[in-house]
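Peer 1: First residue of the sequence shown: 217, per the numbering used here; consecutive thereafter. What follows is a structure written as structure tokens; I'll ask about it next.
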Amino acid sequence: MGYILRVDLTRGKTITDDYSDSLKTMFIGGRGFAAKILWDYLPIGIDPLSSENKLVIAGGPLTGLPIPSSGKIVLASKSPLTYGYGDGNIGGLAAVYMRKAGYDVVLIEGRAEKLSILVIDNHKVEIQVREDLRGLSTSETEAELIKEYGRDTGVLSIGVAGENLVRYANVISQSGRAGGRTGIGAVMGSKNLKAIVFKGERDIPVANLRNLEKLAYESYHTIINLPNYSFWIRQGTMSTVEWSQENAVLPCMNFREGVFEYAENIGGYMMERMKIGRRGCPYCNAKCGNIVEDNYGFQSELDYENVAMLGANIGLYDLRKIAALTRFADEAGVDTISLGNILGFAFEASEKKLISERYEWGVFDDALALAEDIVNRRGIGDLLADGVCKASSKISGSAEWAMHVKGLEISGYNCHSAPGMALAYGTSPIGAHHKDAWIISWEVKNDRLGYTAAKVDKLIEFQRIRGGIFESLTVCRLPWVELGFELKWYIDFFEAATGLKLSLDEFFKVADRIYTLIRAFWIRERCEWSPLLDYPPARWFKDPPTKGPFKGKTLDLDGYRWMLHLYYDKRGWSNIGIPRRSTMVELGLSSEASVISKIVSIEN
Ligand code: PTT
Ligand code: SF4
Numbered sequence: 217m218g219y220i221l222r223v224d225l226t227r228g229k230t231i232t233d234d235y236s237d238s239l240k241t242m243f244i245g246g247r248g249f250a251a252k253i254l255w256d257y258l259p260i261g262i263d264p265l266s267s268e269n270k271l272v273i274a275g276g277p278l279t280g281l282p283i284p285s286s287g288k289i290v291l292a293s294k295s296p297l298t299y300g301y302g303d304g305n306i307g308g309l310a311a312v313y314m315r316k317a318g319y320d321v322v323l324i325e326g327r328a329e330k331l332s333i334l335v336i337d338n339h340k341v342e343i344q345v346r347e348d349l350r351g352l353s354t355s356e357t358e359a360e361l362i363k364e365y366g367r368d369t370g371v372l373s374i375g376v377a378g379e380n381l382v383r384y385a386n387v388i389s390q391s392g393r394a395g396g397r398t399g400i401g402a403v404m405g406s407k408n409l410k411a412i413v414f415k416g417e418r419d420i421p422v423a424n425l426r427n428l429e430k431l432a433y434e435s436y437h438t439i440i441n442l443p444n445y446s447f448w449i450r451q452g453t454m455s456t457v458e459w460s461q462e463n464a465v466l467p468c469m470n471f472r473e474g475v476f477e478y479a480e481n482i483g484g485y486m487m488e489r490m491k492i493g494r495r496g497c498p499y500c501n502a503k504c505g506n507i508v509e510d511n512y513g514f515q516s517e518l519d520y521e522n523v524a525m526l527g528a529n530i531g532l533y534d535l536r537k538i539a540a541l542t543r544f545a546d547e548a549g550v551d552t553i554s555l556g557n558i559l560g561f562a563f564e565a566s567e568k569k570l571i572s573e574r575y576e577w578g579v580f581d582d583a584l585a586l587a588e589d590i591v592n593r594r595g596i597g598d599l600l601a602d603g604v605c606k607a608s609s610k611i612s613g614s615a616e617w618a619m620h621v622k623g624l625e626i627s628g629y630n631c632h633s634a635p636g637m638a639l640a641y642g643t644s645p646i647g648a649h650h651k652d653a654w655i656i657s658w659e660v661k662n663d664r665l666g667y668t669a670a671k672v673d674k675l676i677e678f679q680r681i682r683g684g685i686f687e688s689l690t691v692c693r694l695p696w697v698e699l700g701f702e703l704k705w706y707i708d709f710f711e712a713a714t715g716l717k718l719s720l721d722e723f724f725k726v727a728d729r730i731y732t733l734i735r736a737f738w739i740r741e742r743c744e745w746s747p748l749l750d751y752p753p754a755r756w757f758k759d760p761p762t763k764g765p766f767k768g769k770t771l772d773l774d775g776y777r778w779m780l781h782l783y784y785d786k787r788g789w790s791n792i793g794i795p796r797r798s799t800m801v802e803l804g805l806s807s808e809a810s811v812i813s814k815i816v817s818i819e820n
């Protein structure tokens with residue numbers, strides 16, 4: 217669409233900016249735009265929960281086009297959990313209507329004096345004081361706004377977790393789309409921004425409409441005929457529960473173990489027996505959100521991560537109760553992955569008598585009560601609302617089993633015996649998340665316990681495709697990951713949409729630029745750099761599982777260090793993980809190199 221909408225909540229002003237061709241060609245969109253805009257506009261070293269932080273909502277050249285799974289946007293900010301670069305990807309009508317309103321990016325700055333909403337209705341932009349929405353759940357907020365603005369509306373909202381600045385609060389849309397696990401909901405809360413409403417009716421211009429229509433027709437048809445399609449729409453990501461159990465990577469009891477004796481009770485087949493519907497993102501014909509009724513009779517969405525983290529990781533094995541915890545998280549607007557981690561952490565601290573509160577593994581009432589304390593910042597919930605890294609710094613003796621990388625809690629794969637996946641968590645650009653490189657499925661089939669150059673190569677390839685291409689285009693990666701829908705389609709969609717023909721290598725170069733820029737951002741914002749930030753938690757090196765096929769095994773520190781150094785080398789970074797000047801110049805990041813050279817010593 218060619219435009220960035222800038223909204224200053226402090227002054228109540230909005231302006232529309234166009235952006236340079238070089239932003240388009242060097243960064244493509246989505247995460248690429250977000251990283252560059254944060255680099256250029258964010259004052260250095262600010263507190264992420266201050267009014268100086270900025271929230272970027274960025275689509276890519278494919279967002280909102282009538283092609284498979286294009287209803288996705290990136291939400292990015294300096295993260296209140298990690299104090300580094302943070303982003304998340306959310307699907308929903310908001311993605312489509314943001315572009316149809318005429319914008320590729322919305323950049324939100326400052327802080328409203330009172331709780332407010334932002335309404336973007338085509339080119340009419342309004343900031344409204346809406347104290348009446350305070351304390352409402354995300355579905356209540358969305359329902360109220362849809363009542364006011366009509367069904368053709370995309371809404372992004374926060375719940376009480378965001379209002380109360382829980383550092384892993386996220387943003388919810390359409391009761392089940394969730395994005396921004398790096399604390400984007402808390403950033404919205406710190407800006408007194410309860411919700412954003414998008415309405416748009418413009419056509420999204422494309423370079424070659426006939427070609428795009430032809431590709432769209434053929435691609436939808438191709439997807440439904442892929443061999444895994446019918447199983448995928450039955451189970452979505454839930455089949456990963458059985459897969460993780462078989463491969464002993466299902467996180468259990470705060471990542472102590474990789475197998476769970478009750479995994480069958482919480483797996484994809486059990487979920488199928490309860491399933492009452494499917495939800496998903498616009499323009500997707502492979503909708504993956506599994507709807508079940510929870511133990512209170514309310515509808516909730518089950519995905520692998522929610523079940524692994526709010527089930528196995530806390531010892532809970534009743535799917536309807538896990539669904540209730542997920543629904544609670546969606547209504548409060550808090551990330552299920554971090555919540556499951558912090559509950560596991562608190563249960564272990566209680567078991568070890570490091571805190572005075574008493575919680576029992578697997579007890580739903582304990583989990584729900586603690587989750588309520590967290591989102592309302594009551595009692596020990598106030599400390600736990602700051603995330604596992606900060607909480608462990610206050611609970612002596614807990615640092616080795618505080619399961620995070622760079623402050624972001626680990627998502628659903630136990631890595632005592634998965635060095636490649638451990639490295640994926642260690643080097644992810646946002647902290648411990650599988651989004652950039654779900655190398656585990658490849659690793660279990662390829663020299664699982666080895667510390668090899670092949671793993672490092674595969675990891676970088678995944679980061680380039682998943683973290684680079686999908687996050688900048690910005691479209692859902694699941695048809696490619698789960699159904700084998702080929703990457704070539706996306707390159708063709710890109711050409712039809714933009715008129716630009718990029719080879720896979722050229723896309724990879726953009727991805728490398730984004731990765732190196734994000735690493736520079738971390739160095740700039742944290743004012744120092746230590747390779748220790750790229751290590752997974754001590755538990756995986758020192759505290760072996762007591763059951764399953766990999767009983768007694770841990771990660772090898774020397775092996776991990778060797779792979780990490782090789783990774784740095786292949787990325788053109790120094791042996792402590794700082795991008796070399798020559799790499800940055802090569803990638804067109806000379807001015808960024810000058811900035812970080814004032815903070816750390818940078819090699820040629
Ligand atoms: C993502 C993270 C994930 S990853 C899941 S389940 W997953 C969790 N879902 C949550 C939820 O639900 N409720 C809640 N309160 N918190 C939650 N936190 C967790 O958030 C999601 C899908 C999924 S389901 C995945 S893998 C894929 N992720 C994509 C991505 O990152 N990029 C991309 N281009 N395509 C992707 N497609 C898939 O999208 P974060 P969604 Mg998500 C109930 O937000 O911060 O990135 O963390 O957006 O629209 O819900 O789709 O087994
Ligand atoms: Fe959304 Fe799932 Fe479809 Fe991806 S596969 S676009 S996450 S519904």
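Here a beta-carbon is modelled for each residue, glycine too, at the ideal position from N, C-alpha and C.
Is it true that the stretch 492–499 meets the stretch 440–447, where meeting means three or more beta-carbon pairs spaced less than 8 Å apart?
Peer 2: Touching, no, given that fewer than three Cβ pairs across the two stretches are closer than 8 Å.
Peer 1: For Trp-756 versus Leu-771, is the C-beta distance shorter than 9 Å?
Peer 2: Against a cut-off of 9 Å, the Cβ pair of Leu-771 and Trp-756 comes out as a contact.
Peer 1: Report the three-state DSSP secondary structure of Trp-778 (helix, strand or coil).
Peer 2: It is helical.
Peer 1: Taking the CB atoms as reference points, tell me whether Ile-815 and Ala-809 lie closer together than 9 Å.
Peer 2: No, Cβ-Cβ distance for Ile-815 and Ala-809 is not below 9 Å.
Peer 1: Taking the alpha helix (DSSP H) that Leu-586 belongs to, which residues open and close that run?
Peer 2: First-last of the alpha helix (DSSP H) with Leu-586: 580–591.
Peer 1: Per DSSP, which residues does Ala-274 bridge with? Please list them.
Peer 2: Answer is Val-290, Val-321, bridged to Ala-274.
Peer 1: Can you grab the Cα-Cα spacing for the pair Arg-367 / Pro-747, in whole Å?
Peer 2: The straight-line gap from Cα to Cα measures roughly 49 Å.
Peer 1: Under DSSP, the alpha helix (DSSP H) around Tyr-301 begins and ends at which residues?
Peer 2: Premise fails: Tyr-301 lies in the beta strand (DSSP E), 301–307, not in any alpha helix (DSSP H).
Peer 1: Is Ala-432 near the ligand SF4, going by C-beta to nearest heavy atom under 8 Å?
Peer 2: Ala-432: no, Cβ never under 8 Å from the ligand SF4.
Peer 1: Taking the DSSP output, what are the residues bridged to Pro-795?
Peer 2: Trp-789, per the DSSP bridge assignment.
Peer 1: State the CB to CB distance for the pair Thr-369 and Val-413, rounded to an integer number of angstroms; the pair is presumed to be in contact (CB under 8 Å).
Peer 2: That pair is a contact at about 6 Å.
Peer 1: Rounded to whole angstroms, what's the CA-CA distance from Glu-364 to Gln-344? Just pull it up for me.
Peer 2: Roughly 13 Å between the two C-alpha positions.
Peer 1: My output table needs one value for Leu-258: the three-state DSSP class, helix, strand or coil.
Peer 2: Three-state result, Leu-258: coil.
Peer 1: Quick one: measure Cβ to Cβ for Gly-549 and Gly-401, integer angstroms, because I've assumed they're closer than 8 Å.
Peer 2: About 5 Å separates the two Cβ atoms, so the contact holds.
Peer 1: Got a sec? Which residues, its chain only, sit under 7 Å from Thr-542 by beta carbon, not counting five neighbours each side?
Peer 2: The residues are Ser-516, Glu-517, Leu-518, Asn-522, Leu-526, Thr-552.
Peer 1: If we ignore side chains and look at the alpha-carbon of each, how far apart do Cys-605 and Arg-383 end up?
Peer 2: C-alpha separation (whole angstroms): 11 Å.
Peer 1: Looking at the secondary structure, which residues open and close the alpha helix (DSSP H) in which Arg-729 lies?
Peer 2: 720–742 is the span of the alpha helix (DSSP H), which, as asked, contains Arg-729.
Peer 1: Just to confirm my understanding: we take Ile-538, look at its own chain, exclude 5 residues before and 5 after, and list those with CB closer than 8 Å. What are they?
Peer 2: The answer, listed in chain order, is Ile-482, Leu-518, Asn-522, Val-523, Leu-526, Gly-527, Leu-532.
Peer 1: Is the beta carbon of Gly-474 closer than 9 Å to that of Gly-764?
Peer 2: A contact, by the Cβ cut-off of 9 Å.
Peer 1: Which residue's Cα is closest to the Cα of Gly-623: Thr-643, Ser-566, Asp-534, Glu-576?
Peer 2: When only C-alpha atoms are compared, the closest one is Thr-643.
Peer 1: With H, G and I counted as helix, E and B as strand and the rest as coil, what does DSSP make of Ser-554?
Peer 2: Note: Ser-554 maps to helix in three-state DSSP.
Peer 1: Looking at the ligand PTT, does it come within less than 8 Å of Leu-694, judged from the CB to the closest heavy atom?
Peer 2: Yes, the Cβ of Leu-694 comes within 8 Å of a heavy atom of the ligand PTT.
Peer 1: Which whole runs of the beta strand (DSSP E) in the stretch 495–557 are 3 residues long or more, in chain order?
Peer 2: Fully enclosed beta strand (DSSP E) runs of 3 or longer: 505–509, 515–518.
Peer 1: Helix or strand or just coil, what does DSSP make of Glu-458?
Peer 2: Here Glu-458 sits in helix by DSSP.
Peer 1: Evaluate Leu-773 with the Cβ neighbour count: other Cβ atoms within 10 Å of its Cβ, from every protein chain shown; 16 or more gives buried, anything less gives exposed.
Peer 2: Counting Cβ neighbours within 10 Å, Leu-773 comes out exposed, since fewer than 16 surround it.
Peer 1: Under 8 Å from any heavy atom of the ligand SF4, does the C-beta of Ser-285 make it?
Peer 2: Yes - the ligand SF4 has a heavy atom lying nearer than 8 Å to the Cβ of Ser-285.
Peer 1: Evaluate Glu-325 with the Cβ neighbour count: other Cβ atoms within 10 Å of its Cβ, from every protein chain shown; 16 or more gives buried, anything less gives exposed.
Peer 2: Looking at its Cβ environment, which holds 16 or more other Cβ atoms inside 10 Å, Glu-325 is buried.
Peer 1: Please list, in chain order, all residues of the same chain as Leu-361 whose beta carbon is under 8 Å from its beta carbon, the five residues on each side excluded.
Peer 2: The residues are Ile-333, Thr-369, Val-371, Ser-373, Ala-411, Val-413.
Peer 1: Answer with buried or exposed for Glu-576, where buried requires no fewer than 16 other C-beta atoms within 10 angstroms of its C-beta.
Peer 2: Flag for Glu-576 reads exposed.
Peer 1: Following a CB-centred definition, is Tyr-313 positioned closer than 8 Å to any heavy atom of the ligand PTT?
Peer 2: Every heavy atom of the ligand PTT is 8 Å or more from the Cβ of Tyr-313, so no.
Peer 1: Provide the residue(s) that pair with Pro-761 in DSSP beta bridges, ordered along the chain.
Peer 2: Its beta-bridge partners do not exist; DSSP assigns none.
Peer 1: Kindly indicate which residue of Asn-506, Phe-737, Ala-479 has the alpha-carbon position closest to the one of Glu-488.
Peer 2: Per the Cα distances, Asn-506.
Peer 1: On the criterion of 16 or more Cβ atoms from any shown chain inside 10 Å, does His-650 qualify as buried, or is it exposed?
Peer 2: Classification for His-650: buried.
Peer 1: Can you check the stretch 597–652 for any alpha helix (DSSP H) of at least 4 residues that lies completely inside it and give the ranges in chain order?
Peer 2: DSSP runs (the alpha helix (DSSP H)) wholly in the stretch 597–652: 604–610, 635–643.
Peer 1: Going by Cα to Cα distance, which pick from Lys-661, His-632, Asp-348 is closest to Lys-767?
Peer 2: That would be His-632, whose Cα lies nearest to the Cα of Lys-767.
Peer 1: Enumerate in chain order the residues of its own chain whose CB-to-CB distance from Gly-452 is below 6 Å, with the five nearest sequence positions on each side excluded.
Peer 2: Cys-504, Asn-506, listed in sequence order.
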